[in-house]
Ligand code: COA
Ligand code: AMP
């Protein structure tokens, strides 16, 4: 069947389409139907079936005789080690961990925070939760203690599973002290913490609260898989919104597994037993879906890579991993390829490796710039597929479904909507726009299986953030257009979210941190173009009258403040003191205009600007930071 037919079938009869897809998953009791629309505009999928996420990702493959197949390959250039785990070994490890968690009281529905680097134990912790029906919430290691504390207070975990440390090039990240710091800040206290001690840094365990990962599993009864309902939350994953309070995206078990399993063959063109590598991090949605649940549920081998595209040890690392493990499909963020291209512009290192196993490269997480796509295509000689998705959707909204039909690639476009996504471009009043015109990208409800049903303990915020602006639609927060062939183009966010090295960050959240500096009266953070990371945050600070700290010191303090409160991942290093911020007459800060000036782009003077002279001051301040960069002007 061709893409257009598959897409139309899903649109005409979603129940039949997704019930067929649900056959790819093992159910204890099958669902009576796919879509539950009784509470529209809130929708659920497969709500009355029962299943288990860990059974589907692990046990069923062992039961089918594939216990000797590799489930996980941990490849860590940062520690110089490789560790291969078969499905049978994974089953034993996860059942034991789940048994130990249960012995300490973790049950179906309890929340468990996981704060771990790229080690296989991170996936084992996720799967052990799934085995018990506990709801995991993985927190990315590049966040500071305060961000961890916010998540602890929001999801109130019974237990936190953490590693003693993570490893970044040139430094050890002290996870355990970060966790201890977070627990001091948070109002909620978990009943216990499980600490996975890594040899690079052994952490102090707090008696009565912390238990050792290995020791607490000693002598426990391994746990079996607990049946959960199709609409039971598998996990909560926090993502940046417009404020410092992150949004807890909820993922239901049934739809999530059905959609991910469907995508492995139809989108990524994989077969069970083949090797899939998502070079991301378990702390992000790509890691949840395509390092952990999708490849394992589909019976592939997944790679857990602890390293960077460059510098660990060089820009040939990705090629070495592909050769060593026979990777068929690589999925990463364009920024990783920009980093490789910067270090090895001719792609000379590619010639040192046998990349014959590699058949496709998928890119997502941020806009894929044509230069990067063309470079990758030319150097690797495989299709380079841009695809668009969000933490909220959990899987691809628009892509090129290689397993169904390889559609012509249009560089600059992530191609076409996946089955179940009715993507529309709307004007401000919510009216569909003609082909080729720019507007807000919205998806007609219901969204397909696997997408968010709500936000954790925040249904009102869910409705306000996504369903209110355009009734009957999900508002994506992205702006773009659809061309006459139905190809989508993603141009920009419509909110205060920026994308730094494929990491989604809130400028609003950074502004909240800057505003807490005693000398800062007012501030604005914008995202400026960066040739490596896509965007970088840049802060403008107006100081209180009579502030005694020298402006250079305030800038230094603010950079440190963001690193300490949000984390190094925010990459907040550019800030400048200004007298005033450009505003409209009604007092709205003209951030978009500031971005245009910083990027050296043409712009129209906003009709509502209060005092155009301020723009010259902004220009001068940007000049101090070296902006606009020569390449952008
Ligand atoms: N734990 C602790 N700190 C972390 C971290 C983690 N898991 N991940 C990143 N950091 C830190 C880095 O050490 C760095 O700190 P520094 O300011 O002290 O140098 C900071 O956060 C920014 O990190 P990063 O964005 O990774 O920038 P970088 O300059 O170290 O590397 C790239 C640049 C392009 C190589 C890197 O961003 C990259 O590999 N990107 C791919 C991103 C990706 O896979 N995204 C997932 C979406 S699919
Ligand atoms: P995240 O929730 O971290 O996955 O970030 C989602 C956001 O990243 C989207 O709303 C887009 O703004 C951006 N994004 C993700 N994939 C793409 C893509 N292929 N092209 C353009 N932007 C993308």
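Residue numbers (my numbering): 25 to 657. All C-beta atoms in this analysis are idealised placements derived from N, C-alpha and C, irrespective of residue type, glycine included. A quick note: this is a predicted structure, and the numbers were derived from the prediction, not measured.
Is any non-hydrogen atom of ligand 1 found closer than 7 Å to the C-beta of residue i, if you look at the structure I gave you?
| i | result |
| --- | --- |
| residue 745 | The question about residue 745 has no answer here: the residues shown for the chain are numbered 25 through 657. |
| residue 602 | no |
| residue 393 | no |
| residue 356 | yes |
| residue 166 | yes |
| residue 481 | no |
| residue 451 | no |
| residue 65 | no |
| residue 190 | yes |
Which same chain residues, not among the five before or five after residue i, have their C-beta less than 8 Å away from its C-beta?
| i | result |
| --- | --- |
| residue 587 | 168, 594, 596 |
| residue 180 | 135, 212 |
Could you tell me whether any non-hydrogen atom of ligand 2 is closer than 7 Å to the CB of residue i?
| i | result |
| --- | --- |
| residue 312 | no |
| residue 160 | no |
| residue 359 | no |
| residue 626 | no |
| residue 501 | yes |
| residue 362 | no |
| residue 390 | yes |
| residue 519 | no |
| residue 415 | yes |
| residue 410 | yes |
| residue 343 | no |
What is the rounded straight-line gap between the Cα of residue i and the Cα of residue j?
| i | j | result |
| --- | --- | --- |
| residue 188 | residue 325 | 27 Å |
| residue 289 | residue 85 | 17 Å |
| residue 577 | residue 598 | 13 Å |
| residue 293 | residue 274 | 27 Å |
| residue 346 | residue 125 | 35 Å |
| residue 404 | residue 328 | 22 Å |
| residue 215 | residue 377 | 49 Å |
| residue 643 | residue 64 | 49 Å |
| residue 266 | residue 524 | 15 Å |
| residue 73 | residue 625 | 53 Å |
| residue 122 | residue 520 | 39 Å |
| residue 406 | residue 385 | 7 Å |
| residue 309 | residue 393 | 22 Å |
| residue 230 | residue 211 | 18 Å |
| residue 448 | residue 517 | 16 Å |
| residue 27 | residue 503 | 25 Å |
| residue 497 | residue 253 | 26 Å |
| residue 25 | residue 32 | 11 Å |
| residue 160 | residue 641 | 48 Å |
| residue 637 | residue 452 | 30 Å |
| residue 508 | residue 459 | 5 Å |
| residue 235 | residue 218 | 5 Å |
| residue 103 | residue 61 | 49 Å |
| residue 299 | residue 410 | 20 Å |
| residue 613 | residue 165 | 32 Å |
Which residues in the same chain as residue i place their Cβ atom closer than 7 Å to its Cβ, once the five residues preceding and following it in sequence are excluded?
| i | result |
| --- | --- |
| residue 401 | 408 |
| residue 263 | 270, 271, 273, 415, 528 |
| residue 363 | 333, 334, 556 |
| residue 21 | One cannot answer for residue 21 here, as it falls past the ends of the chain, which runs 25 to 657. |
| residue 651 | 552, 622 |
| residue 201 | none |
| residue 381 | 346, 350, 351, 352 |
| residue 546 | 566, 605 |
| residue 648 | 600 |
Report all residues from its chain with a CB closer than 6 Å to the CB of residue i; omit the five preceding and five following residues, and keep chain order.
| i | result |
| --- | --- |
| residue 485 | 479 |
| residue 256 | 277 |
| residue 368 | 339 |
| residue 173 | 206, 209, 210 |
Entirely within the stretch 305-353 and at least 4 residues each: give me those alpha helix (DSSP H) ranges in chain order.
-> 318-322, 341-349
At what residue ranges does the stretch 395-445 contain a whole run of the alpha helix (DSSP H), taking only runs of 4 or more?
-> none
How about the stretch 466-478 and the stretch 61-68: do they share at least three Cβ pairs that are nearer than 8 Å?
-> yes
The stretch 550-560 / the stretch 626-634 touching (three or more Cβ pairs under 8 Å) = no
Within the stretch 193-225, note down every full beta strand (DSSP E) run reaching 3 residues or more, in order along the chain.
-> 195-197, 216-220
Go through the stretch 119-178 residue by residue and report every complete run of the alpha helix (DSSP H) that reaches 4 residues or more, in order.
-> 144-156
Any chance the stretch 530-542 sits against the stretch 437-449, with 3 or more Cβ pairs inside 8 Å?
-> no
Please determine if the stretch 508-523 and the stretch 91-101 are in contact, where contact requires at least 3 C-beta pairs separated by less than 8 Å.
-> no
Enumerate, from N- to C-terminal direction, the unbroken alpha helix (DSSP H) stretches of 4 or more residues contained entirely within the stretch 537-615.
-> 575-589
Check whether the stretch 491-498 touches the stretch 423-443, taking contact to mean three or more Cβ pairs, one atom from each stretch, closer than 8 Å.
-> no
Scan the stretch 219-303 and note each continuous beta strand (DSSP E) run of 3 residues or more that stays entirely inside, going in chain order.
-> 234-236, 257-263, 271-276, 299-302
Does the count of Cβ pairs from the stretch 309-322 and the stretch 336-345 closer than 8 Å reach three?
-> no
At a cut of 8 Å, does the stretch 109-116 reach the stretch 35-53 through at least three beta carbon pairs?
-> no
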